[in-house]
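Accompanying notes for the structure given below.
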Amino acid sequence: MAFVSQGYRASLTLIDNGRKIINRSYELRSSTVDHPAAVTATIALEVALAAASDLECIAYSVAEIFQEGAVSYPVALNAQAEMQALVNVGLESTPLKTATLAIPGPIDAMFKGAPSFTGYDDVDGANAVLIAFMDLFKETGGTFSLSDGEQIADAGSFKTGRRTHRKSRRG
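When we follow the working numbering, the leftmost residue of the sequence shown carries the number 5, and every step to the right adds one.
Okay, here's the thing in structure tokens:
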């Protein structure tokens with residue numbers, strides 16, 4: 005598994021007078037060789053777009069895109085994008101409030117039971133892989149936050165979890 009840089013992407017967030025927010029992303033050309041150059045190009049894009057649009061730019065971001073150099077398809081039978089584990093977790097800021105983490109294509113070991121047995125769709129809160137994933141979002145030692153900037157409670161964070169299937173028309 006070797007990820008290779010594919011260049012940079014600029015994303016701008018715009019708002020209209022009805023407070024509707026839209027996002028637009030633009031790929032930077034391969035001649036943009038580093039992050040400072042990508043930021044400079046994104047600022048120039050924002051200035052040009054401000055002159056061409058009545059919308060107000062309220063935020064921008066610049067991201068370097070990395071892609072797997074040699075893609076190999078998963079071999080697990082249940083490796084389907086429509087399958088996910090929905091994990092309810094307690095929040096640090098409000099102990100009675102919960103948030104949901106969605107894990108796409110979860111491994112079977114994350115669930116309590118074997119296929120066709122009781123617990124097959126119930127997430128095992130003691131699973132080491134799940135705990136390691138949740139630790140990334142915790143108040144102490146976590147490096148990521150949930151969608152609205154909150155963190156998972158350090159103690160007793162796992163509440164419940166289920167295997168679900170999201171509707172897809174792609175099979």
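Heads up, the beta-carbon is just placed ideally off N, CA and C, and yes, glycines get one too.
_So, at 6 Å on beta carbons, what are the nonlocal neighbours of A42 in its own chain, with the 5 sequence-adjacent residues on each side left out?_
The residue you call residue 42 lines up with position 38 of the sequence shown. Cβ neighbours of A42 beyond the five flanking positions: Y12, L32, T36, V66.
*Looking only at C-alpha atoms, which of Q88, F121, S15, S9 sits nearest to G73?*
Working through the sequence shown from its first residue, we reach residue 73 at position 69. Taking only the C-alpha atoms, the option nearest G73 is S9.
_Distance, A113 Cα to N131 Cα_ = On the sequence shown, position 127 is the one that residue 131 refers to. On the sequence shown, position 109 is the one that residue 113 refers to. A direct Cα-to-Cα measurement between N131 and A113 gives close to 8 Å.
*asked:* Give me the residue from I26, A6, R166 with the minimum Cα distance to V93.
replied: Translated into positions along the sequence shown, residue 93 becomes position 89. With distances taken between Cα atoms, V93 lies closest to R166.
_Taking the beta carbon of T122 as the centre, do at least 16 other beta carbons fall within 10 Å, making it buried, or is it exposed?_
Here the question's residue 122 lines up with position 118 in the sequence shown. It is exposed - the Cβ of T122 has fewer than 16 other Cβ atoms within 10 Å.
_Three Cβ pairs or more, each shorter than 8 Å: is that satisfied between the stretch 151 to 171 and the stretch 95 to 103?_
Output reads yes: the stretch 95 to 103 touches the stretch 151 to 171.
*With DSSP as the reference, please indicate the residues paired to A14 in a beta bridge.*
By one-based count along the sequence shown, residue 14 stands at place 10. DSSP lists Y30, V66 as partners of A14.
*Nearest CA to the CA of A6: which residue from F70, L18, K116, S149?*
As a working mapping, residue 6 is identified with position 2 in the sequence shown. Residue F70 is the option with its Cα nearest to A6.
*Using beta-carbon positions only, say whether K142 and S120 come within less than 9 Å of one another.*
Mapped onto the sequence shown, residue 142 falls at position 138. Mapped onto the sequence shown, residue 120 falls at position 116. For K142 and S120, no; Cβs fall outside 9 Å.
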